[in-house]
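Number of protein chains: 2
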Amino acid sequence: MLTPRKQPRQQRSRETVEAILEAAAQLFQRHGYAGTTTNKIAERAGVSIGSLYQYFPNKDALLVALAEHYLDRSAEQVGRVFARAAERRPCLPDLLADLVGEVAALHTDRPALHRLLYDQAPRTPGLVSRFRQAERRIAGALADELRRLGAGGPDPGLSALLAVQGIEAQLHGALLEPQDDGDTDARLRAVTRLWHRALAEPGAANPPHRP
Amino acid sequence: MLTPRKQPRQQRSRETVEAILEAAAQLFQRHGYAGTTTNKIAERAGVSIGSLYQYFPNKDALLVALAEHYLDRSAEQVGRVFARAAERRPCLPDLLADLVGEVAALHTDRPALHRLLYDQAPRTPGLVSRFRQAERRIAGALADELRRLGAGGPDPGLSALLAVQGIEAQLHGALLEPQDDGDTDARLRAVTRLWHRALAEPGAANPPHRP
DNA sequence: ACCGAAAACTGAGAATAGCTCGCATTATTG
DNA sequence: CAATAATGCGAGCTATTCTCAGTTTTCGGT
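Set out below in C-alpha cells:
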C-alpha cells in the first residue's frame, strides 16, 4: 500500500498533509532518504508521528507522493514543448533543441529533488512504472512529431521511445554528476546534434548552422 | 565507510567472506535488498552476525562488494568486444551490433543480479563513481574505434560517452521491464541502427542489409 | 612439540527507527 | 447543543542494524 490510507477532508488536515510533504521534501533533500527518519519529518512539520501515519501508510509513500507532484510538473513542462510544436511546426533540429533544453531545465531547476527521485525511484516498486508511464507519454508525443516530419525511420514510435530514454540518461550524466569536464551548453548541443542525426531521414537537408 | 574494515588473511576467513557474499547475493535476489536482514545473511552463510560485521562495516558494503565483482566481470566481457575489434577491424555497423549484443547479454545473463545492482546502486556514493568509471572506460575504447573509422563527428570522445550512456539506458528499458511489447531482437536491431545513424559520417556508405 | 600472539569467530543485547493503538481534542451536522 | 465524525497525539511495541567482551582457532618462532 503506497497511496494515502485516508483522504483529508477538512481544511486543517489538508494543511497537515502539506506540512508533512514540505518537511519530507526538505529533509530528504538535505540528509538523503535513509538519513531521514519519519519522526524527524513529523517533528519538523509540527505534527505528531501518529498524524503522519494517518495519511501515509509508510515512509515510501512520502516519496511516492513527492514523485507524483514532481511528475505532474514535469509532464506539464515537457508538454509545453509539444504545444509549441503543434503551433509553430518547427523543423527537426529546432524541435529537438527545444525538447533537450526543457528536459535539461527539469534537471537543473531543482537538482536535489530530481536526484533524490532518480536515485530512490528504483527502490520503490510503484515508482518505476510511474516513471515509465511518463516516458511513454512523452515518447508518444514525440513520435507524432516525427511522423509529421517524416523522420524516425520505419518505426517512429520505437525511435521516439529510444530517444526519450537516451536523452534522459545522457542529460542525467551531464548535469547531475559533479565532475563536469567541458561546459554544459556544449554537452546539450552535442546531445541535440546526435539525436538529429539519429532521427533525420538520410536524404533530408542538414540543420541550418547558427554562428 | 563502505570498504571492508578488515582484510581476511587466513584461508578460513577468505572462505567466510565468500560464503557471506554468496548468501547475500542469493537472498538479495530472492527477497530484495530491504527484505533481507543481515542476520539472515549470516545465518545462511553459516557464520555469526559478528563475523559478518568484522568484514563488512554495514549492509550497504555487501552490495558494494557484489557490485564490484559484477563490474569486473562486465568490464571483461565488454572488453572482449574491443579486443575483437582490434583484431578484425569491423565496419561501424558490425562493431555496434557486437557492442549492443554484448551489453544486452550482460542484462539477460543474470537479470536478477543486474536489476538488483542497477536498482540499488545509486543509493551509495561509492558505487556511482565506480559505475561512471566503467562507463568511461568503455566510452574511451569506443572513441578509439570511432576515430579509426572516421566516425563520431567532431568530438568522438563525447559522442562515445553519450552512446554508452544511451545504449545502457535503452537496453535496460527494453530488457528489464516486464511488459515487452514487441520482440527483444527487433529492439536490439533498432538500437544498433539508431546508433549507426547517429555516429556514422553523413557521406559514409549505409550498412549492408541482412535478410 | 609447545607457547604466545594474532587472527577469526561468537551471540547476547544496546541502539535506533518504523510503525501501532487507545485515547484526547477539534470540527460538523441536524 | 448533543451526537457523531474527523483529526491529532505520543508512549511504546517490534524489528533490524550493529557493537563488544570474551572464546576459539591458526601460525610463527624456538
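Going down the list, the protein sequences come from chains A and B. Per our numbering: the first sequence = residues 1 to 211. Per our numbering: the second sequence = residues 212 to 422. Note that the Cβ used here is the ideal one computed from N, Cα and C, for glycine as well.
Closest residue to residue i among the options (Cα-Cα distance)
i        : options                                   : result
A/Gly32  : A/Ala19, A/Asn58, A/Arg9 and A/Leu63      : A/Leu63
B/Thr227 : B/Asn250, B/Gln265, B/Leu303 and B/Lys251 : B/Gln265
B/Ala439 : B/Leu338, B/Gly361 and B/Leu372           : Here chain B covers residues 212 to 422 and nothing more, so residue 439 of chain B does not appear.
B/Leu382 : B/Gly368, B/Arg343 and B/Ala397           : B/Ala397
A/Glu201 : A/Lys59, A/Arg148, A/Ser13 and A/Arg30    : A/Arg148
B/Thr319 : B/Pro365, B/Thr395, B/Ala401 and B/Gln237 : B/Thr395
A/Leu158 : A/Ala174, A/Leu176, A/Ile138 and A/Gly46  : A/Ile138
A/His69  : A/Arg197, A/Gly150, A/Arg130 and A/Glu168 : A/Arg130
A/Ala169 : A/Ala19, A/Tyr118 and A/Glu18             : A/Tyr118
B/Tyr259 : B/Arg343, B/Leu317 and B/Ser224           : The sequence shown places Ser at residue 259 of chain B, rather than the Tyr named in the question. Checking every option, the nearest Cα to that of B/Ser259 belongs to B/Ser224.
B/Phe335 : B/Ala272, B/Arg284 and B/Gly261           : Per the sequence presented here, residue 335 of chain B reads as Thr, with Phe not at that position. For B/Thr335, the nearest C-alpha among the options comes from B/Ala272.
Three-way DSSP call (helix, strand, coil) for residue i in this model
i        : result
A/Val47  : coil
A/Asp155 : coil
B/Lys217 : coil
A/Ser122 : Looking at the sequence itself, residue 122 of chain A is Pro, so the reference to Ser does not match. In the structure shown, A/Pro122 sits in a helix (DSSP, three-state: H, G or I).
B/Glu412 : coil
A/His209 : Only weak support is given to the placement of A/His209: the predicted model assigns it a pLDDT of 41, under 50, and the value that follows is read from those uncertain coordinates. Residue state, collapsed to three classes: coil.
B/Thr403 : helix
B/His246 : Here residue 246 of chain B is Gly; the residue named in the question, His, does not match the sequence. Three-state result, B/Gly246: coil.
A/Glu177 : coil
A/Phe28  : helix
A/Gly150 : coil
B/Phe267 : coil
B/Asp394 : coil
Check whether residue i and residue j have beta carbons under 7 angstroms apart
i        : j        : result
A/Thr192 : A/Val100 : yes
B/Trp406 : B/Ala354 : no
B/Leu282 : B/Ala296 : no
A/Arg44  : A/Ala67  : no
B/Leu263 : B/Ala276 : no
A/Leu27  : A/Lys40  : yes
B/Ala286 : B/Ala332 : no
B/Leu399 : B/Ala315 : yes
B/Gly363 : B/Leu410 : yes
A/Thr38  : A/Lys6   : no
B/Leu357 : B/Pro367 : yes
B/Gly377 : A/Gly166 : yes
A/Ala97  : A/Gln29  : no
A/Arg110 : B/Arg408 : no
A/Glu102 : A/Val128 : no
Residue i Cβ short of 6 angstroms to the ligand GTP heavy atom set
i        : result
A/Arg110 : With respect to small molecules bound, the structure shown includes none, and the ligand GTP cannot be examined in it.
Legend entry - Entirely enclosed alpha helix (DSSP H) segments - the stretch 68–114 of chain A, minimum 4 residues: Listed in chain order, they are 92–109.
Legend entry - Cβ-based contacts, 9 angstroms cut-off: residues of the stretch 2–31 of chain A near chain B: Flagged: no residues at all.
Inset, instruction - May I ask you to list, following chain order, the residues of the stretch 76–90 of chain A that have a beta carbon less than 9 angstroms from some beta carbon of chain B? - result: From the stretch 76–90 of chain A, no residue has a Cβ closer than 9 angstroms to chain B.
Legend entry - Contact residues within the stretch 316–332 of chain B, judged by C-beta distance below 9 angstroms to chain A: Of all residues in the stretch 316–332 of chain B, Arg326, Tyr329, Asp330, Gln331 and Ala332 have a Cβ within less than 9 angstroms of some Cβ in chain A.
Inset, instruction - With 7 angstroms as the limit, tell me which residues of the stretch 346–357 of chain B have their beta carbon closer than that to any beta carbon of chain A; keep them in chain order. - result: Listed by position, the residues of the stretch 346–357 of chain B near chain A (Cβ gap below 7 angstroms) amount to none.
Inset, instruction - Can you give me, in chain order, the residues of the stretch 161–173 of chain A that have a beta carbon less than 9 angstroms from any beta carbon in chain B? - result: Here the close residues are Leu161, Leu162, Ala163, Gln165, Gly166, Ile167, Glu168, Ala169, Gln170, His172 and Gly173.
Legend entry - Against chain B: residues of the stretch 45–69 of chain A by CB proximity under 7 angstroms: Residues passing the 7 angstroms Cβ filter: none.
Inset, instruction - Determine which residues of the stretch 148–159 of chain A have a Cβ less than 8 angstroms from any Cβ of chain B, and write them out in chain order. - result: Those residues of the stretch 148–159 of chain A that come within reach of chain B (Cβ to Cβ, closer than 8 angstroms) are Gly153, Asp155, Leu158 and Ser159.
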